[in-house]
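Structure, as structure tokens:
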Amino acid sequence: MFLIWHFKHYGERIYKVIRQRIDRQTMSQTGAARKTTALLLAALVVGVVVGYLIHWAITPAAPAAPPEGYVPRSEYERLQRELESLRAQLAAAAPAAPVEIVITAWTQGPESESMHRQKNLEMAAERLNQLFKVAGVPATVRVEGEFSTAGWTDYRKKLYLALEGGTGPCIFLTAHIDSAFLAENGWIIPLDDYVKKYWDWAYYDIISGLWDSVKYKGRIWGIPQDTEARPIYYNKLLLKKLGWTDEQINDLPNKVLRGEFTLYDMLSVAEEAVKKGVIEPGYGIWHRPNAGPDWPIVYLAFGGQLQDPTTGKLIADMRIWRKTFEWFYEASRVRKVILEKITALDWNRDIHPTIVAGKVLFWMGGTWHKGQWVSSFGLSEEKFWEMFGFMLYPAGEKGGRPVTLSQPMAYFISKTCKYPEVAFLIITLATDPHLNSLHAVKSAHLAILYSQLSNSVYTQDKFLAAAGYMVEYAKYQPMHPKWGEYSTAIFEVIRGIETGQLTVDAALATFRDTLKTRLGDEVIIRE
Amino acid sequence: MRVSRELSKKLVIAVMLTPAVVVALLFLAVPAVLTVLISLTELDYRFKWIWCGLDKYALLLRDPVTRLIVQATLIYVTGTLAFNTLWGLCLALLSTHVHDALGTFMRAAWLLPRVLPSVVWAMLMMWIFSPLETGFLNSLIISMGGQPVPWTFSYYWPFLFIVNGCIGSSLAAIIFSSAIKSIPPDYIIAAKVDGASSFTIVRRIILPMIKWHIAFFVAYNTLSLLASFEYILLTLNGGPGYYTTEVAILRAYHLAFGQYMVAMDFGYAAAHVVFLLVIGLVLSIVYWRVFRLRRLMIEPKLE
Chain A
809 MFLIWHFKHY
819 GERIYKVIRQ
829 RIDRQTMSQT
839 GAARKTTALL
849 LAALVVGVVV
859 GYLIHWAITP
869 AAPAAPPEGY
879 VPRSEYERLQ
889 RELESLRAQL
899 AAAAPAAPVE
909 IVITAWTQGP
919 ESESMHRQKN
929 LEMAAERLNQ
939 LFKVAGVPAT
949 VRVEGEFSTA
959 GWTDYRKKLY
969 LALEGGTGPC
979 IFLTAHIDSA
989 FLAENGWIIP
999 LDDYVKKYWD
1009 WAYYDIISGL
1019 WDSVKYKGRI
1029 WGIPQDTEAR
1039 PIYYNKLLLK
1049 KLGWTDEQIN
1059 DLPNKVLRGE
1069 FTLYDMLSVA
1079 EEAVKKGVIE
1089 PGYGIWHRPN
1099 AGPDWPIVYL
1109 AFGGQLQDPT
1119 TGKLIADMRI
1129 WRKTFEWFYE
1139 ASRVRKVILE
1149 KITALDWNRD
1159 IHPTIVAGKV
1169 LFWMGGTWHK
1179 GQWVSSFGLS
1189 EEKFWEMFGF
1199 MLYPAGEKGG
1209 RPVTLSQPMA
1219 YFISKTCKYP
1229 EVAFLIITLA
1239 TDPHLNSLHA
1249 VKSAHLAILY
1259 SQLSNSVYTQ
1269 DKFLAAAGYM
1279 VEYAKYQPMH
1289 PKWGEYSTAI
1299 FEVIRGIETG
1309 QLTVDAALAT
1319 FRDTLKTRLG
1329 DEVIIRE
Chain B
14 MRVSRELSKK
24 LVIAVMLTPA
34 VVVALLFLAV
44 PAVLTVLISL
54 TELDYRFKWI
64 WCGLDKYALL
74 LRDPVTRLIV
84 QATLIYVTGT
94 LAFNTLWGLC
104 LALLSTHVHD
114 ALGTFMRAAW
124 LLPRVLPSVV
134 WAMLMMWIFS
144 PLETGFLNSL
154 IISMGGQPVP
164 WTFSYYWPFL
174 FIVNGCIGSS
184 LAAIIFSSAI
194 KSIPPDYIIA
204 AKVDGASSFT
214 IVRRIILPMI
224 KWHIAFFVAY
234 NTLSLLASFE
244 YILLTLNGGP
254 GYYTTEVAIL
264 RAYHLAFGQY
274 MVAMDFGYAA
284 AHVVFLLVIG
294 LVLSIVYWRV
304 FRLRRLMIEP
314 KLE
């Protein structure tokens, strides 16, 4: 009825308008336009007010400021005195034309807590400048560039295209597994000679296992910057509600180490928690929502192997993949402890806030998440220890070995760098127990230097000390240019299982087909 | 004398057309040819042009994912197209049948999603339709005592139709409403005098008179939807589940730039794009014939 009335009204109006003079028509149009403008303005004002109210209602409280001042004042004063005496000696030296060397550097988080990846390079350049200044060398070194908090895919894309276009930075940071890719493309220079030359400066001190992570085809391509472990965090408060004693809770990591607590035991505990109403269905075990390094860990926990050490080819052991997919199927579809929609969630909007709120029993995370929770998600240090414990990924079956995965970050020097040795010196000076401990503590990453293990800044951090043992159980992802496609396929298939689209058999068939068609003879498929 | 006039006329036309032809060649033909060439190579993270013939097309046929991608593309294009056209038509009819000021306001308000930066729009929609309890709609439902609905998880296609449709339908609404306004009022008045109902007027007068506009919009929108993926990328990114909303062009983007560790596979991605290019060409011809769009272009017999 309303519509018909309006239609009539409209027809009559047009009729009238035609009958009447054109000036009347233009007048009514300007009147309409004015009204529209007024309506739009009113809507804008209302919109701004509503928007402000929503903002006011949902803004979380600002996190407390981080503590500052790790370096004792006496250290600075001593340096200052030395400096002044040296400067007095060199004041007479004749000045020469000053030179400025600019070293571009790109580093990546994405978590803002890892900003020392960039800052340490800048501080290293400052140290170098200090030496020049004191010695009267008329040169300065400046580190230019940025610390990126974009996602890894965006960062890599930008970096690779810049390197291919010849406009890449001199120094850059990326994950160790990219060495294969970077070296194959000839974008980076091998660093063996420099490492040998400056061995006594810093490199004797690097934890020896880390060198393997940056070696490809027998050469060293990067300098390790940090490392981590990927533990499973468990919520102590929820376990207590489930009837566990403090002793049982604190002994869980040891039970995992002894191989007495398996991945299936973890499923049973989570299932029990759901049944007893301690947690909501689907909140038993959570994992990352997107593609990433963590996906092969469960396969490794079932005893899987990813790379053939002799040929360097990738391996897909289908019996182990079946066990892995069965575990995910059991967890998500049968026992309902993994949320079926978990891969539709967002890291910062959904995942971290829910875990910090204490709603999830087991979280397959990484050591740096503790740093993120404390710095950016309003979790206090005390509350962290009260709420969370952490353990290795349990073995898949009784008698297996617990496992975790490390993905060290490394600095690389690009082929287009004009001053590779200056760049290397900056990295060398940044590879310093104090500077690296500042990074490790702030971002909850693990040490790369033996001397950090006794560094006062590093050892004060209870978390790093407690998580340190995990490195011994850590495996690396295979260094192979096609690993990215393999890993993407794992994620896509598990996502299909969890959402109920693929059964275990279908998942296995699809996975095999995808690997065969996309990787060809780069992958050895074992049945 | 006569010949030279003919010639000069043709020359003038040629000069007038040159800029358009140059632009078309430079920015349409050259990239298209390059894409076809890339699809015949193994161009990947090594940035080397290794010719491999039709290998990538064979891979496209063998790949178990291709079937899912074709299915997703079909659903996405037809669904969004239907939403855009029908909702645009609805908006156009409503906004031309109410008071002028209100009608203009309606159309202006519906332009908002279009002028909003796409990232902001996508974030907003993801928050509104979040499958968790913290989402806007779900917190409303819970505050009213209801059960939360896993919006983007269970109703991913309707969600994508809405996200895309709110942007596409504003264009349709503008085209259709200006078309409706250009209908000579005599027809409508005459129909009213004869006692036609509003519905009959819409069906018998308005729709037939704007059918060219609808045909144009459908043809244009189909082709642009085939190549549009940014809102899927920004919201569901091909999920939830195993390639459920991964349309062909998004798959091409993912293969080229979006895999874990950026395992860039430009050759295979280009094969997807060529596949789309062919479909686009075929569809253009089909639309041209079915909608008889040629009649739109020929000079009127009577002025």
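So the protein sequences, as listed, match chains A and B. Counting in our numbering, the first sequence runs from 809 upward without gaps. Counting in our numbering, the second sequence runs from 14 upward without gaps. Note that beta-carbon positions come from the ideal geometry of N, C-alpha and C, so glycine has one too. Fair warning: this is a prediction, and the values are worked out from it, not measured in the lab.
- Residue pairing from DSSP places Q916(A) in a beta bridge opposite S956(A).
- At a cut-off of 9 Å between C-beta atoms, Y255(B) counts as an interface residue with respect to chain A.
- Counting every other CB atom within 10 Å of its CB across the protein chains shown gives L294(B) a total below 16, marking it as exposed.
- With fewer than 16 other Cβ atoms from the protein chains shown falling within 10 Å of its own Cβ, Q1268(A) counts as exposed.
- With a threshold of 9 Å between beta carbons, S1222(A) makes no contact with chain B.
- Note on the segment 15 to 52 of chain B: whole alpha helix (DSSP H) runs with a minimum of 4 residues are 15 to 37, 43 to 51, in chain order.
- For L848(A), the chain B residues whose Cβ falls inside 7 Å of its Cβ are F118, A121, in order along the chain.
- For S1295(A), the chain B residues whose C-beta falls within less than 8 Å of its own C-beta are Y273, M274, listed in chain order.
- Around the beta carbon of V951(A), 16 or more other beta carbons sit within 10 angstroms, so the residue counts as buried.
- Pairing F229(B) with L115(B) gives a Cβ-Cβ distance that is not under 9 Å.
- A distance below 7 Å between beta-carbons, with the five flanking residues on each side excluded, links A1231(A) to the following residues of its chain, in chain order: I911, C978, I979, I1221, C1225.
- Identification of residues in the segment 147 to 177 of chain B having a C-beta nearer than 8 Å to some C-beta of chain A yields T147, P163, T165, F166, given in sequence order.
- Per DSSP, the unbroken alpha helix (DSSP H) holding N1062(A) starts and ends at 1054 to 1066.
- Distances from the CA of G254(B) to each of L74(B), S156(B), S108(B), Y169(B) were compared; the closest alpha carbon is that of Y169(B).
- Residues of the same chain with a CB within less than 7 Å of the CB of Y233(B), apart from the 5 flanking positions on each side, do not exist.
- For L94(B), the uninterrupted alpha helix (DSSP H) segment begins and ends at 78 to 110.
- Annotation: the segment 1009 to 1040 of chain A contains the following complete segments of the alpha helix (DSSP H) (minimum length 4 residues), in chain order: 1017 to 1021.
- For F304(B), the three-state secondary structure derived from DSSP is coil.
- For V949(A), the three-state secondary structure derived from DSSP is strand.
- Residue burial is scored here from C-beta neighbours: Q938(A) has fewer than 16 other C-beta atoms within 10 angstroms and is therefore classed as exposed.
- As a beta-bridge residue in DSSP terms, R1334(A) pairs with D1125(A).
- Interface residue (Cβ-Cβ distance to chain A less than 9 Å): Y89(B) is not classified as such.
- Chain A places a beta carbon closer than 9 Å to that of M277(B), counting this residue as a contact.
- Listed by position along chain A, the residues whose Cβ is nearer than 8 Å to that of F270(B) are T961, K965.
- Put simply, the CB of F60(B) is near chain A, with a gap under 9 Å to one of its CB atoms.
- Excluding sequence positions up to five before and after G1179(A), its CB lies within less than 6 Å of the CB of E921, S1251, A1252, all in the same chain and listed in chain order.
- When DSSP states are grouped into helix, strand and coil, Q160(B) belongs to the coil group.
- Apart from sequence neighbours up to five positions away, the residues of its chain that approach T235(B) with a beta-carbon distance below 7 Å are V90, L94, L296, ordered along the chain.
- For I1221(A), the enclosing beta strand (DSSP E) covers residues 1217 to 1221.
- Nearest C-alpha to K843(A) among F304(B), E55(B), Y256(B), A121(B): A121(B).
- Taking a C-beta distance under 9 Å as the contact criterion, P918(A) and T867(A) do not qualify as a contact pair.
- Rounded to whole angstroms, the gap between the alpha carbons of N1156(A) and P197(B) is 56 Å.
- The continuous alpha helix (DSSP H) containing F1271(A) extends over residues 1270 to 1275.
- The segment 42 to 57 of chain B makes contact with the segment 277 to 294 of chain B, as at least three CB pairs between them are under 8 Å.
- L249(B) is a Cβ neighbour of L173(B), given a cutoff of 9 Å.
- Per the coordinates, the alpha-carbon of I88(B) lies some 12 Å from the alpha-carbon of F96(B).
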